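Heads up, the sequence shown is in numbering that gives the first Met the number 0, so the first residue is 0 and it goes up one at a time. Built from N, CA and C at the ideal position, the CB exists for glycine as well. All of these numbers come straight from a predicted model, not from anything done at the bench.
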Amino acid sequence: MKLEDLANEILLDLFELLDDIQLLHAFNGLNSRFNMLLFTRFQTYHLDFRSISKHNFSIVCQQYLPTIIDQVIALHLSNNNETPNLLQLFLSYGFTLNRFNHLQMLSLYHMDSLSLLNEILLQCRCLSYFIHLNLINCNFDQKETEILYLINNIWSLSTLTHCNLDNIFVSSIYSLENLFRSVPNLYYLTIHTSSIFLNGYEWQNIIVNHLPKIKVFRLKMEFSFPTKKNKEEQIEELLDSFRTHFWIDEHQWFIQYNYIQTNAFNCDVLYTLPYAFENLTYASTQLSKSTCPENKMFQCFDRVKILRYLNQNQYIFNESNTYSSRFLNVRHLEIDLPFNDQLFTIISLDRLVSLHITLPLYSDHFSLEGLLDRMTHLDSLTIQHWSSIHSTLFQMKNESIRRLVFVQSSTISSNSYFDNIECAALSNSSLGFHCEVLVVDVQHRTNILELIKMMTNLRSLTVRCKDDEWNIWSSSSAEEDELVTWLRRHLPLTCLIIRDPKKISNIQIWIDS
């Protein structure tokens, strides 16, 4: 049976399995019937450019977007390793945000230019339907006054009702209170901080004075107690500050405190119950105390999608509470080799799409291969290594992996850079054949050319080269970026090649073959 023989109803059901960009690229313009079905399917468009090839991005911007711009209600734009400089390229096609008359939601990821963000926000002021703004993993190193200017620009968007600001502010109580003063009608607040520590009395004071209408309050604080004081006393004092009438009776906001200590890791964390965040560091044995009278609330981790799992046999403290949890919705796992079998009882490995694993200096690579065999839907694999990668890793047959990241645990050892033999082994492996996004450190610039030539499905490469002489002093001068210039001479003109503004030792290449 041919695709054209299927009923329209079945084709429309199949369309639901693909995102909007895939549908446009695959079916638009094939014939009048498919065009009619696309029109039926697309009264509105949600365009997500986060994992698009440069070739397809150019096609969408040049051929499709001009004709559907009035139907676009959601945009996702990212400047990460997969799509470097995408936002600037998007604007260079003439697609300023004020042209998207029916845009309701804008999500920006991995931006590092505050001036560009302010420019985009100004373009959004005239959008009558714009209600939802997400700024995710946007890191700005500007002064406090410039951050406050950004906040004012956000609040000037008169139609905005939902705003998600992730990791963009200078972490100070002053900036936090200034933000809260600007939103007296706020109903829902979720806040995660690793540098601001406030006890229950201080949070109560902020909420009463600045957020009187708050109904839902979700908090996570990561911090460190002063080491010279008695830890048990500090924990009890902190918990008592959250046991007042305001917390327990008026709002029924309960909190839990966890303390994890290993040979390489220390963590004090306090969060509201039930747990409301995507990220969690977990150990089966840890010191845990709570203001909640019902222990069953401890076990609710349905929101957790990113889990860092610490082996129980690494613990060096004795006083602990042991409890068992299940993480049904985890999609990303971070672990170290070796690991214990308890891992298999708390998560479903076949539901994972991303794995970050740290290899010790001498490790059993076959245990990693056995682990990967159980992760049948794994899309992304990050390997953090201390020395050269063992050849057995290049023999693994997991065909679902599309993203490979190799991270050095030690930047001193030259063995951590891929040499000619390792680059060839990766290129000729099953992992290399299926790989679309690669992050790796190489010995020589010619290795970059070989990887791009041999890995035919590669669409994005982020690379650090050992013979790159560019440094922080070079970036502040008028000196030519020698390696970037060399790569532009030796790669097709359609490739976008830039130096990562946040990690200047990294070269980002968005490949257009």
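Item to check | Helix, strand or coil at V441 according to DSSP, with G and I counted as helix | outcome: strand
Next on the checklist: Determine whether the beta carbon atoms of R373 and D349 lie at a separation below 9 angstroms.
Outcome noted: Contact flag set, yes.
Checklist entry - Since N456 contacts F432 with CB under 8 angstroms, what's their CB separation in whole angstroms? => result 7 angstroms
Item to check | When F343, V436, N55 and Q42 are compared against I68, the one with the closest alpha-carbon | outcome: Comparing Cα positions, the closest option is Q42.
Checklist entry - Whole beta strand (DSSP E) runs in the stretch 44-106 with 3 or more residues, listed along the chain? => result 44-47 and 71-77
Item to check | Three-state secondary structure assigned by DSSP to L490 | outcome: coil
Item to check | Through-space distance from M110 to F139, alpha-carbon basis | outcome: 8 angstroms
Checklist entry - Would you call E421 buried or exposed, if buried means 16 or more other Cβ atoms sit within 10 Å of its Cβ? => result buried
Checklist entry - Are the beta-carbon atoms of D239 and Y256 separated by less than 9 angstroms? => result no
Next on the checklist: Using CA atoms only, rank isn't needed, just tell me which of S223, Q203 and R124 is closest to S194.
Outcome noted: S223
Checklist entry - Are V352 and S379 touching if we call contact CB-CB under 9 angstroms? => result yes
Next on the checklist: Suppose the cutoff is 8 angstroms on Cβ atoms and the five residues either side in sequence are ignored; what does the same chain contact list for W154 look like?
Outcome noted: S181 and V182
Checklist entry - Going by DSSP, what residues sit across from M220 in a beta bridge? => result DSSP lists T192 and L269 as partners of M220.
Next on the checklist: Taking the straight line between their C-alpha atoms, what separation do you get for L17 and L448?
Outcome noted: 33 angstroms
Checklist entry - Where does H355 sit, in a helix, a strand or coil, going by DSSP? => result strand
Item to check | Reference N151, options T82, F129, S174 and N136, closest by Cα | outcome: The candidate whose alpha carbon is nearest that of N151 is S174.
Checklist entry - If you run the structure through DSSP and keep just helix, strand and coil, what is F300? => result Three-state result, F300: coil.
Item to check | Own chain residues within Cβ distance below 6 angstroms of L116, not counting five before or after | outcome: M110
Item to check | Given 8 angstroms, three or more beta-carbon pairs between the stretch 215-232 and the stretch 269-276 | outcome: yes
Checklist entry - Given that a residue counts as buried once 16 or more other Cβ atoms are within 10 Å of its Cβ, and exposed if not, what is I146? => result buried
Next on the checklist: Distance check for R124 and L156, CA to CA, integer angstroms please.
Outcome noted: 5 angstroms
Checklist entry - Between S112, Q70, C464 and N136, which lies nearest to L46 when the distance is taken from Cα to Cα? => result When C-alpha distances from L46 are compared across S112, Q70, C464 and N136, the shortest belongs to Q70.
Checklist entry - From N198 to L495, what does the alpha carbon distance come to, in whole angstroms? => result 48 angstroms
Next on the checklist: From the DSSP secondary-structure annotation, give me the bridge partner or partners of S402.
Outcome noted: Correcting the residue identity first, residue 402 is Arg in this sequence and not Ser. For R402, which the question treats as bridged, DSSP gives the partners S379 and V436.
Checklist entry - Quick one, are the C-beta atoms of R488 and D466 less than 9 angstroms apart? => result no
Checklist entry - If you draw a straight line from the C-alpha of L403 to the C-alpha of Q260, how long is it? => result 30 angstroms
Checklist entry - Could you give the C-beta distance for H355 and T381, rounded to a whole number, given that I count them as a contact under 8 angstroms? => result 4 angstroms
Checklist entry - With distances taken from CA atoms, which of Q103, L430, N278 and L178 is nearest L377? => result L430
Next on the checklist: I'd like to know whether the C-beta atoms of R401 and E435 end up nearer to each other than 9 angstroms.
Outcome noted: yes
Checklist entry - Exposed or buried, what is Q394 when buried is set at 16 or more other beta-carbons lying within 10 Å of its beta-carbon? => result exposed
Checklist entry - Between which two residues does the alpha helix (DSSP H) harbouring T344 extend? => result Start and end: L342 to I345.
Checklist entry - Nearest to L106 by CA position, among P65, L342 and I135, is which residue? => result According to the sequence provided, residue 106 is Ser. The question's Leu does not apply to it. Ranking the options by Cα distance to S106, first place goes to I135.
Checklist entry - So, are the CB atoms of C60 and Y92 less than 9 angstroms apart? => result Yes, the pair counts as a contact, with Cβ atoms nearer than the cut-off.
Item to check | Under the three-state DSSP convention, the category L2 falls into | outcome: helix
Next on the checklist: Could you check whether N100 and Y128 sit closer than 9 angstroms to each other, using their CB atoms as the reference points?
Outcome noted: yes
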